[in-house]
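Colleague:
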Amino acid sequence: MLIEVDASSLSETKPHEYALRFLFGGTCTAIAGLIANRYGPAVGGLFLAFPAIFPAAASLIQDHEKRRKAAIGKDGSRRGKNAAALDAFGATLGCLGLIAFALVLWKFADGFPPVAILGIAFASWALIAFAAWLVRQHWPRRRRRQTHNG
Amino acid sequence: MTEILIRFLIGGLVVSAFSVCGDVLRPKSFAGLFGAAPSVALASLALTFTQRPGSYVALEGRSMVFGAIGFLTYAYVAGQLLKRSQSGALVVTVAAMPIWFGISFGCLFMFGGMN
């Protein structure tokens, strides 16, 4: 399956939806900092992986799909939820990358330059998440073929 | 107060940037990877590194592993519920949120780190 960039979807997002994401993201980052200051890094660290924007993002994806279907006179409720489910599935794989990101911080943050650590941690997220997605893309086909041949 | 405002602005920008990536990329399952991008962590840690020693960030990193395990479980369950439930995406994803709290704090209590 090819990875594509579709910039036209940017125009589907309304200004208040962009504002909502900014608000959620900003609030969660500020709250994560406050929790770390109040309860220490052990509790504060948990909130660095809080699914802050996930509910809002899932809701927006569902709404966009429903709007697309409504534009051609169809009910897109089921399709909207399936699209949100696919997004959640992608996020599950992205979480494997998030674990890699956190492991790099845990093992190397003490003693290495901050910019290097954040760069390596981010590269680890991208690499592991992408690899997990690729494996998942090929996994069912291979299994089906083996079953068919066997 | 200034620090909170800076965190808010940087966090808002970074989270929005990752969301836009998720918007423009296809297929949906690939775009979904950006739903678990370390956006809050990058914004937050960039500031934390300027104020705290590396050992503090390392401790946050250890707890973040537990948070990410909680996120993984939460996203998987939310995805399954979305496929089966009659409720809307917002209701389902908010209702599943206790999973993140349970798994994350459960791991923290089980494997230590409450110092």
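Chains A and S are the protein sequences, given in the same order. Heads up: the first sequence runs through residues 1026 to 1175, numbered per the numbering used here. Heads up: the second sequence runs through residues 3 to 117, numbered per the numbering used here. A virtual CB, placed ideally from N, CA and C, is assigned to each residue, including glycine. Bear in mind the structure is a predicted one, so any value in this text is a computation, not a measurement.
1) In this structure, does DSSP put LEU1027 of chain A in helix, strand or coil?
2) Which of the three DSSP states, helix, strand or coil, is assigned to ARG54 of chain S?
3) If you measure beta-carbon to beta-carbon, which residues of the stretch 1073–1107 of chain A are closer than 8 Å to chain B?
4) To the nearest angstrom, how far is the alpha carbon of ARG54 of chain S from that of ALA48 of chain S?
5) So who's on the other strand from ARG28 of chain S, going by DSSP bridges?
6) Distance, Cα to Cα, ALA38 of chain S vs SER31 of chain S?
7) Mind checking the stretch 85–104 of chain S against chain A and listing, in chain order, the residues whose C-beta falls within less than 7 Å of any C-beta there?
8) Can you grab the Cα-Cα spacing for the pair THR1038 of chain A / LEU1048 of chain A, in whole Å?
9) Out of S:GLY81, S:PHE68, S:ALA97, S:VAL26, point me to the one whose CA is closest to VAL1030 of chain A's CA.
10) Check whether the Cβ atoms of ALA77 of chain S and PRO1080 of chain A sit closer than 9 Å, and answer yes or no.
11) GLY63 of chain S and LEU1123 of chain A - do their beta-carbons sit closer together than 9 Å?
12) If you check the beta carbons only, do SER21 of chain S and PHE68 of chain S fall under 9 Å apart?
13) Can you confirm whether LYS1132 of chain A, when its beta carbon is compared against all beta carbons of chain S, has any partner nearer than 9 Å?
14) Count the other CB atoms within 10 Å of the CB of ASP1100 of chain A; is the residue buried (16 or more) or exposed (fewer)?
15) Can you give the beta carbon distance from PHE167 of chain S to THR1052 of chain A, rounded, assuming they're within the 8 Å contact cut?
16) Classify HIS1089 of chain A: buried if its beta carbon has 16 or more other beta carbons within 10 angstroms, exposed otherwise.
17) Roughly how many whole angstroms lie between the Cα atoms of THR50 of chain S and GLY81 of chain S?
18) Just reading off the alpha helix (DSSP H) that ILE105 of chain S is part of, what are its end residues?
19) So, is PRO40 of chain S buried or exposed, given that buried needs 16 or more other C-beta atoms within 10 angstroms?
20) Relative to chain S, which residues along the stretch 1051–1073 of chain A have a C-beta separation below 8 Å, given in chain order?
21) Within 9 Å (strictly less), CB to CB, does THR50 of chain S reach chain A?
22) Taking only the alpha-carbon atoms, compute the straight-line gap between PRO1066 of chain A and LEU61 of chain S and give it to the nearest angstrom.
23) Straight-line CA distance for LEU1128 of chain A to ALA70 of chain S?
24) What first and last residue would you give for the alpha helix (DSSP H) that runs through LYS1106 of chain A?
25) Tell me the rounded alpha-carbon separation between SER1102 of chain A and PHE36 of chain S.
26) Of all the CB atoms in chain S, is at least one closer than 9 Å to the CB of HIS1041 of chain A?
27) Please check if any C-beta of chain S sits within less than 9 Å of the C-beta of TRP1158 of chain A.
Modeller: Let me lay it out:
1) Coil at LEU1027 of chain A, not helix or strand.
2) Note: ARG54 of chain S maps to coil in three-state DSSP.
3) Here chain B cannot be found, since the structure's protein chains are A and S.
4) Straight-line Cα distance between these residues: approximately 11 Å.
5) Beta-bridge annotation (DSSP): ARG28 of chain S is paired with A:GLU1029.
6) In a straight line, the C-alpha of ALA38 of chain S is about 12 Å away from that of SER31 of chain S.
7) For the stretch 85–104 of chain S, the beta-carbon criterion of a distance under 7 Å to any beta-carbon of chain A is satisfied by LYS85, GLY90, ALA91, LEU92, THR95, VAL96, TRP102.
8) Roughly 15 Å separates the two Cα atoms.
9) Of the residues S:GLY81, S:PHE68, S:ALA97, S:VAL26, the one whose Cα lies closest to the Cα of VAL1030 of chain A is S:VAL26.
10) When the beta-carbon positions are compared, ALA77 of chain S and PRO1080 of chain A stay at least 9 Å from each other.
11) For LEU1123 of chain A and GLY63 of chain S, no; Cβs fall outside 9 Å.
12) Against a cut-off of 9 Å, the Cβ pair of PHE68 of chain S and SER21 of chain S comes out as no contact.
13) So, interface residue.
14) Exposed, since its Cβ has fewer than 16 Cβ neighbours within 10 Å.
15) Since the first and last residues shown for chain S are 3 and 117, residue 167 of chain S lies out of range.
16) Burial call: buried.
17) In this model, THR50 of chain S and GLY81 of chain S are separated by some 33 Å (Cα to Cα).
18) Secondary structure note for ILE105 of chain S: its alpha helix (DSSP H) is the uninterrupted segment 99–113.
19) Classification for PRO40 of chain S: buried.
20) The stretch 1051–1073 of chain A vs chain S, Cβ under 8 Å: GLY1051, THR1052, CYS1053, THR1054, ALA1055, ALA1057, GLY1058, LEU1059, ALA1061, GLY1065, PRO1066, ALA1067, VAL1068, GLY1069, GLY1070, LEU1071, PHE1072, LEU1073.
21) For THR50 of chain S, the answer is yes, since a Cβ of chain A falls inside 9 Å of its Cβ.
22) In a straight line, the C-alpha of PRO1066 of chain A is about 6 Å away from that of LEU61 of chain S.
23) In a straight line, the C-alpha of LEU1128 of chain A is about 10 Å away from that of ALA70 of chain S.
24) For LYS1106 of chain A, the enclosing alpha helix (DSSP H) covers residues 1102–1133.
25) Approximately 23 Å between the Cα atoms of the pair.
26) It does not; no Cβ of chain S falls within 9 Å.
27) So yes, TRP1158 of chain A belongs to the interface.
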